[in-house]
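Q: Handing you this structure, nothing more for now.
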Amino acid sequence: MEKQKLIVLTGPTAVGKSKLSIALAKTIGGEIISADSMQVYKYMNIGTDKISPEKMDGVPHHLIDFLEPSEDFNVFEFQKLVKESIEDIASRGHVPIIVGGTGFYIQAVLYDIDFTETDEDDSYRKELEKRALTEGVHVLHEELKAVDPESAEAIHENNSKRVIRALEYYKKTGRPISEHNREQRERTSPYDFRYFVLTDDREVLYSRIDKRVDLMIEEGLEAEVKELSKLGIPRTATSMQGLGYREMFGYLDGEYDLDRAIYLIKRNTRHFAKRQLTWFKREEDVIWIDKRDFDRDEEKILKEIVRIYEQ
RNA sequence: GGGCAAGUAGCGAAUCGGCAAACGCGACGGACUGUAAAUCCGUUCUCUUCGGAGGUAAUGGGCUCGACACCCAUCUUGCCCA
């Protein structure tokens with residue numbers, strides 16, 4: 000059986016993915032699946048730079064704007080939903096185009112990484128999180144060393160989230176997560192995909208980020224966050240860990256002034272863009288599209304992407 | 001023109017006569033397989049064969065066994081007075 004064709008269009012935040020994706024979808028008859036851990040949430044429009052219905056210009060978008068901000072989300076959920084969307088789009092004879100900056104989510108789809116081995120009961124994780132606070136992560140890291148020395152070696156003891164996940168995995172499956180990861184790394188993709196990573200000069204990227212944050216403030220990010228707060232969304236919600244929201248909460252809670260909040264959003268977003276680039280650099284099979292090589296001409300970039308897609 | 005204060009890494013600084021540059025920020029590099037816009041790590045004066053080696057406190061002089069620190073002069077910056 001022929002593998003399902005799939006296009007991935009990603010890159011660091013503010014590089015210009017959304018706009019290009021619309022043009023691409025229209026050219027090849029595609030529908031867009033968002034791979035964005037924050038745009039899944041409703042009412043979070045300004046801070047996530049969510050595409051507006053007008054800008055979608057008739058191109059169907061999936062996995063955007065469907066979850067309450069009080070709800071948790073994770074790769075596993077994403078992966079389940081993506082598979083449904085891909086089938087759905089394919090059944091209509093359209094091409095699924097995955098667009099978004101969450102590299103981990105993209106990886107989970109492309110290589111169909113298996114997350115199903117554990118159930119969804121997170122009481123043990125909660126317990127570990129509490130212990131990390133009271134006893135210190137170091138103790139947990141020591142425990143990990145005993146059951147899964149390979150992971151303990153690979154995971155820094157300060158990295159509480161990953162230490163906890165490794166312990167949780169071991170508890171639930173009786174196997175070290177390092178072994179699982181090694182297996183998953185060997186997987187071949189069930190898709191015939193083209194993995195495009197859009198990039199640009201770092202300075203250009205950074206100034207685009209700054210500009211975008213200023214625009215978000217103008218458009219009323221503060222009011223948006225206040226509204227979410229009024230809805231009863233706690234600062235600690237997964238959704239509120241998103242860039243812009245977290246910093247705004249700090250401001251609204253009186254920890255610093257608005258200027259400081261804006262500075263922090265810009266800075267943290269720049270750091271984020273850097274982390275995204277690091278991720279994509281490590282991924283195999285990516286096709287880099289450096290905007291500088293195309294004089295930043297959307298038309299030229301689009302043509303190149305379509306050319307590679309049709310090969 | 002006079003008075004006062006300050007000058008240390010890209011920036012903010014620590015060093016209170018005894019191994020200068022701790023710490024923070026920024027910048028850069030990296031890890032990541034169920035929170036990923038999360039979480040975490042490393043480098044950041046110069047050279048390096050990655051073991052180390054060398055250099056630096058605005059500038060010039062002085063006191064001292066020893067000066068970033070104390071004294072004098074000069075320059076620069078800020079504030080106050082004319």
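Each residue of the first sequence is one higher than the last, beginning at 0 in numbering that gives the first Met the number 0.
Where is the CB? At the ideal position from N, CA and C, for every residue including glycine.
In whole angstroms, give me the CA-to-CA distance for S228 and M55.
A: In a straight line, the C-alpha of S228 is about 28 Å away from that of M55.
Q: To which residues of the same chain is G10 closer than 6 Å at the C-beta, ignoring the five residues directly before and after it?
A: Answer for G10: K16, V196, L197 and T198, listed in chain order.
Q: Output the distance between the C-alpha atoms of K41 and L276, rounded to the nearest integer angstrom.
A: Approximately 27 Å between the Cα atoms of the pair.
Q: What separation, rounded to the nearest whole angstrom, lies between the Cα atoms of E309 and S69?
A: So the two alpha carbons sit approximately 42 Å from each other.
Q: Are there three or more Cβ pairs, one per stretch, closer than 8 Å when the segment 255-275 is compared with the segment 77-85?
A: Touching, no.
Q: Distance check for R130 and A153, CA to CA, integer angstroms please.
A: Approximately 21 Å, taken between the alpha carbons.
Q: Between H155, I163 and E178, which lies nearest to E128 when the distance is taken from Cα to Cα?
A: Here the closest residue by C-alpha is I163.
Q: For the beta strand (DSSP E) that contains T198, what are its first and last residues?
A: T198 -> beta strand (DSSP E) spans Y190 to T198.
Q: State the Cα-Cα distance for the pair L204 and A145, rounded to the nearest angstrom.
A: Rounded to the nearest angstrom, the two C-alpha atoms are 44 Å apart.
Q: Starting from I27 and walking both ways along the alpha helix (DSSP H), at which residues does that stretch end?
A: K16 to I27 is the span of the alpha helix (DSSP H), which, as asked, contains I27.
Q: Below 7 Å CB to CB, which residues in the same chain sit around W278 once its five sequence neighbours on both sides are set aside?
A: G102.
Q: Just to check my reading of the structure: Q78 and V108 have Cβ atoms closer than 8 Å, yes? What is that Cβ distance to the nearest angstrom?
A: Yes, Q78 and V108 are in contact; Cβ-Cβ is about 6 Å, under 8 Å.
Q: In terms of residues, what are the limits of the beta strand (DSSP E) holding T9?
A: Looking at the DSSP string, the run of the beta strand (DSSP E) that includes T9 is Q3 to T9.
Q: With H, G and I counted as helix, E and B as strand and the rest as coil, what does DSSP make of D294?
A: Coil at D294, not helix or strand.
Q: Looking at P189: is its Cβ nearer than 8 Å to the Cβ of D284?
A: In this structure, D284 does not lie closer than 8 Å to P189 by Cβ.
Q: What do you get for Y255, buried or exposed, if any count of 16 or more other CB atoms within 10 angstroms of its CB means buried?
A: Label assigned to Y255: exposed.
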